Structures are given as structure tokens and as C-alpha cells.
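Enquirer:
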Amino acid sequence: MTFSVVGRSQDGASVGVAVASKFLAVGAAVPAAEAEVGGVATQSYANLAYRPDGLAMLRSGRSAQETLDALVAADDGRSQRQAGVVDGHGGAATYTGDGCHPWAGGRTGDGYAVQGNILVGPEVVGAMEAAWLEAADAALPERLLATLAAGDHAGGDRRGRQSAALLVARRAGGYGGESDVEVDLRVDDHATPVAELRRLLDLHRLYFGEPDPATLLPLQGPLADEVSRRLTALGHSSLEDWAGVENFEERMVDGAIDPLVLDRLRAASGA
């Protein structure tokens, strides 16, 4: 009922899962990831115990293949299960039970596992694998999403579209460095869920990404006057005050302004 990719960044710092399905809120059922440990996708009559049990096995030092073999061996419903696992060293494994609805199957390589069931055909996982390999220089969230989008473009779930999700873990990669959840985005019910997931990831990068020091603009002279005028028009006494309301606090830099924040300020305040 689903197609997914489990992947690890080339430096090993990030691991995650991207998934789409003709199924309500697929992100609540399929993905699991833990920084520097690994990722798991469980689908096709998903056995949700694969997520905590799989991460526990990976955490104990088992490889992706050893973990998946153990999960499947202990599961009486294995014939209808499908799963993908990537470990913290980049080892990968995928499994498709012989009772999964066709087309069903998967592929693996260094640092990735792609799999799907009830697909239009094998071209879906083929397109996903090619997209993963082509996006080697991208950050992991973008690489996972590019892989998912390729599967969607190739036809994806033959029943249609409904939901999609992206989960990425990186040590201290979450908001303010206070968690390991770098990205956790879900589109639970949408006509074009993968495209909507792309929009949400762009917003995530805008709100929570770090400013590029090379592009920062000094708040001096005419620019400082412009920013002050626009803030006053919006009823704010300082840039920090407005940024807090608009959730741009991660992009605040003393004595300068991020061009992305400036664009948003200009859009909000008009001419």
C-alpha cells in the first residue's frame, strides 16, 4: 500500500525515511529513525512493532540485515509484510513477503533501501533508486524527498495518492539543538501529498535553517532605516519582536539581517 526510502547521509550524521501512500496519515505508521543508529520503514499490513524493536536491535549493534532477518523470523504475518532497514554504518536491507499485493519489491545499496507494494510496476523502485544515486550531493532531507518524488512521478501507488511523510534524525539537529529530530513533516490527507511535502520542507528550511554568513546584510544606513520603517508600519518596536511573532528567531543575527528574513519583512509590510 506504500512506497518508501530509508537512507543515511554520506557522513553518517543523519538517517531518515520518506514515505507516500494511498493511506491516511502514513507517517503515523511507517517510519522510525534514530540518530547514528539507523532507520526503519514497516509497510504492507505494517507491523508497528518493527519500529521500536528494529531500532533496539540496531542500537545493540546488529546490522541492517541481521535486524530485518530477526524481525521477519519472529513475525507470524511475515508473508504480508514489507520493510526496509538502514543501519548506522550504511548497511541496508529490504524484505518483501510473498503475500504482498503486486507489484511489490525493493532494492538496496550503500546507505539506502527503497521498497514498495501495490505499485504500478517495478519502474517505481527503479526510478527511486536512480534518483537517490543522482542526488548524492544533496542534504539528506532533500535527497530522501527527491527519491520519493521520483517514485511518485513514476506512478507510485497504483490506487492513487493520499499521504506522505519525511522523518530525519541527526544528533542535536532539532529546533534549538534540543532534540535529535531534524525533520518530522507529515501530509496526512492531500490530493498531491508529495508536492505538499516539498512545500513544507521549504518552509522548514526557511524557519529553522541557519542563515548563510556570506549573505548577511549589515543593518546600517538606508537599510536600517527601511527595516525600522517597515517594523513601525507593522506595529513592532524591534526586528527581534517581529521575528519572534513570525518564527524567524533561528535566523536572527546581531547587527545584520538575513536576506530571506528581509524578503519576508518586505512582503508583510508592502511597498
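Just remember that our numbering sits 8 ahead of the position in the sequence shown, which is counted from 1. Yeah, the Cβ is synthetic: ideal placement off N, Cα and C, and Gly gets one too. Keep in mind it's a predicted model, so treat the numbers as computed, not measured.
(1) For the alpha helix (DSSP H) containing A276, name the first residue and the last one.
(2) When you compare the CB positions of R151 and V133, do they come within less than 8 Å of one another, or not?
(3) So, under 8 Å CB-CB, V25 and A49 are touching, yes? Tell me the CB distance rounded to an integer number of Å.
(4) Pull the bridge partners of A26 from the DSSP assignment, please.
(5) Do three or more CB pairs link the region 172 to 182 to the region 33 to 50 at distances below 8 Å?
(6) By DSSP, does V45 sit in helix, in strand, or in coil?
(7) G92 and A121: beta carbons closer than 8 Å?
(8) So A100 and G119 are supposed to be a Cβ contact under 8 Å. How far apart are they, rounded?
(9) Decide if the region 19 to 37 is in contact with the region 129 to 145; the criterion is three or more beta carbon pairs, one per stretch, under 8 Å apart.
(10) Does the beta-carbon of V253 have 16 or more other beta-carbons within 10 angstroms, so that it is buried, or is it exposed?
(11) If you scan the region 120 to 152 from start to end, which runs of the beta strand (DSSP E) of 3 or more residues do you find wholly inside it?
(12) Near P219, what residues of its chain come up, given a Cβ to Cβ distance below 7 Å and the 5 sequence neighbours on each side ignored?
(13) Comparing alpha-carbon positions, which option in L141, V38, E142, A112 lies nearest V128?
(14) Taking Cβ to Cβ, would you say V13 is nearer than 8 Å to L156?
(15) If we require 4 or more residues per run, which alpha helix (DSSP H) segments fall completely within the region 183 to 236?
(16) What distance in whole Å lies between the Cβ atoms of V34 and V199, which are believed to be in contact at a cut-off of 8 Å?
(17) Cβ of S171 within 8 Å of Cβ of D196?
(18) Quick one: what's Q73 bridged to in DSSP?
(19) Under the three-state reduction of DSSP, which class applies to A37: helix, strand or coil?
(20) For D262, name the three-state secondary structure that DSSP assigns.
(21) By how many angstroms is the C-alpha of V202 removed from the C-alpha of Q90?
Expert: By the coordinates alone:
(1) Looking at the DSSP string, the run of the alpha helix (DSSP H) that includes A276 is 267 to 277.
(2) It is not a contact, given that the beta carbons lie outside the stated cut-off.
(3) Correct: roughly 5 Å between the Cβ atoms.
(4) In the DSSP output, where bridge partners are listed per residue, A26 has V13, L174.
(5) Because the criterion of three Cβ pairs below 8 Å is met, the region 172 to 182 and the region 33 to 50 touch.
(6) Reduced to three states, the DSSP call for V45 is coil.
(7) For G92 and A121, yes; Cβs fall inside 8 Å.
(8) The beta carbons of A100 and G119 sit about 7 Å from each other, so the pair counts as a contact at 8 Å.
(9) Segments in contact, no.
(10) Exposed is the call here.
(11) Listed in chain order, they are 120 to 124.
(12) Within its own chain, the residues whose Cβ lies closer than 7 Å to the Cβ of P219, once the five positions on either side in sequence are excluded, are R259, V261, D266, listed in chain order.
(13) Answer by Cα proximity: A112.
(14) With respect to the 8 Å criterion, V13 and L156 are classified as neighbours on the basis of their beta carbons.
(15) The qualifying runs are 201 to 216.
(16) Residue identity check: residue 199 is Ala in the sequence provided, not Val. Contact doesn't hold; Cβ gap of about 15 Å is too wide.
(17) Against a cut-off of 8 Å, the Cβ pair of D196 and S171 comes out as a contact.
(18) Paired residues: none, contrary to the question.
(19) Coil.
(20) Here D262 sits in coil by DSSP.
(21) In this model, Q90 and V202 are separated by some 21 Å (Cα to Cα).
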